[in-house]
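So for the sequence shown, numbering that gives the first Met the number 0 puts the first residue at 0; every next one is plus one.
The beta carbon of each residue, even a glycine, is placed where N, CA and C say it ideally should be.
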Amino acid sequence: MKRIGLLDIFALIVLLSLAFGGQSMAGDPGVGWHLLNGKLIVDGGSVPRVDEFLARDTSPPWVANQWLSDVLLYLMFAAGDWAGVHLFVLAVFLVAFFGVLTGLIKENSRGVMTAFVVALLVLLAASVQLFIRPVVFSFLLFALCYRIVRTWLEGRIWPGSFGILLLPLIFALWANLHPAFPLGGLVLIAAVVQLLVEKEFAKAKRGIIIGMACLSATLINPYGLRLYTAGAGLVGDSYFMNLNVEWYSVDTHQLLFGGFAAIVFSVLILSSLVAARLMLFDRLLLLLFVVLAVVFRRYIPFCAIVAATPLAVLLSSLELS
């Protein structure tokens with residue numbers, strides 16, 4: 000029987016503190032809308048094609064690009080009220096950052112204390128976006144995508160004997176849960192770039208084929224190509240981009256962003272102090288997601304995910320120096 004370790008105790012403390020302390024995760028004004036949309040889909044047996052929520056004489060065409068998330072959240076609400084929704088979202092969050100990401104952190108750490116420190120910083124940073132919204136599913140699927148691709152780059156297979164072959168299935172699910180699946184594509188692109196630079200052309204070719212399969216898999220959704228055009232339209236809509244604070248830039252005056260700042264500065268400082276050299280894959284993703292997170296705070300959890308393993312590598316190298 001596995002002995003209880005420091006990381007296990009840490010996960011328990013985090014679960015209890017998130018479940019019973021701090022602000023409610025249901026404070027976002029969009030929660031009720033997601034629950035109602037999920038109810039309409041369950042009751043009607045089909046996804047919406049027009050927007051019934053607008054106060055207009057005629058309902059305009061609509062792409063509900065988070066329809067499956069809305070259904071899952073509504074089913075949790077119907078089964079367990081708000082407590083059920085809170086526990087479900089917490090479970091998804093913890094699986095992403097402990098069930099998936101912590102394993103990768105431990106594999107790249109020299110000791111449990113290093114893994115503990117990195118896991119703590121990652122959690123502090125990611126908790127900025129811990130609320131009841133479909134984006135929580137993207138944290139989990141992005142963490143899965145990142146770990147699968149990174150272990151594949153290192154010549155290993157995770158999980159089980161499937162490894163990178165699972166990615167198209169993940170992208171197909173992702174396209175129906177939340178429209179952040181292009182972030183997973185960036186992970187694959189960074190991996191292929193590293194392989195091309197290292198002249199591993201055969202493996203790079205396999206990565207490109209997998210990437211094309213993932214792209215094709217995202218079309219397995221009720222709206223087809225309209226999923227892409229609708230998403231592009233929202234990003235270009237100034238009203239939508241200013242509607243929720245998650246699209247605002249990082250406010251350095253708020254203590255809430257301390258975890259994110261600690262991760263960024265730790266990576267920058269340690270990179271100059273230790274001899275460990277990060278993979279090109281890591282450096283590309285760090286640069287990209289730090290910029291995204293500074294401009295749009297909603298990307299902070301994704302930045303924390305791609306920064307966790309490099310930070311563990313750098314801290315472990317510092318221990319040896």
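For the candidate residues V84, I147, V62, whose alpha-carbon lies nearest to that of I304? Among V84, I147, V62, the Cα nearest to that of I304 is on I147.
If you drop the 5 nearest sequence neighbours on each side, which residues of the same chain put their C-beta closer than 7 Å to that of L194? Closer than 7 Å at the Cβ level, and outside the excluded window around L194, lie K202, A203, G206.
Going by C-alpha distance, which of L285, R132, V196, L187 is nearest W151? Looking at the Cα atoms, L187 is the closest of the given residues.
May I have the straight-line CA-CA distance separating L317 from F138, to the nearest angstrom? So the two alpha carbons sit approximately 29 Å from each other.
Tell me which residues share the same chain as G20 and place their Cβ nearer than 7 Å to its Cβ, disregarding the 5 neighbours each side in the sequence. With a pLDDT of 48 at G20, under the threshold of 50, the modelled position of that residue is not reliable, and no figure is offered here.
Classify P167 as helix, strand or coil using the three-state DSSP reduction. Here P167 sits in helix by DSSP.
Using CA coordinates, which residue listed in V70, W61, P60 is at the minimum distance from N36? It is V70.
If we count Cβ pairs, one from each stretch, closer than 8 Å, do we get three or more for the stretch 131-145 versus the stretch 81-92? Touching, yes, given that three or more Cβ pairs across the two stretches are closer than 8 Å.
Going by DSSP, which residues form a beta bridge with V49? Answer is P60, bridged to V49.
Alpha carbon to alpha carbon, what distance is there between G43 and G257? Rounded to whole angstroms, the separation of the alpha carbons of G43 and G257 is 45 Å.
Who are the near neighbours of V266 in its chain, counting only those whose CB is closer than 8 Å to its CB and skipping five residues on each side? Within the same chain, V266 has close Cβ partners L285, A306, P309, L310, L313.
Do three or more CB pairs link the stretch 219-228 to the stretch 61-77 at distances below 8 Å? Yes: the two stretches touch, three or more of their Cβ pairs being nearer than 8 Å.
One question on the structure: do R297 and V249 come within less than 7 Å of each other, judged by their Cβ atoms? No. Outside cutoff.
Just the C-alpha distance for V117 and I104, rounded to the nearest angstrom, thanks. Taking the straight line from one Cα to the other gives about 8 Å.
Which residues in the same chain have their Cβ closer than 6 Å to the Cβ of P221, if we skip the five residues on either side of it in sequence? Once the five neighbours on either side are set aside, the close Cβ partners of P221 are V46.
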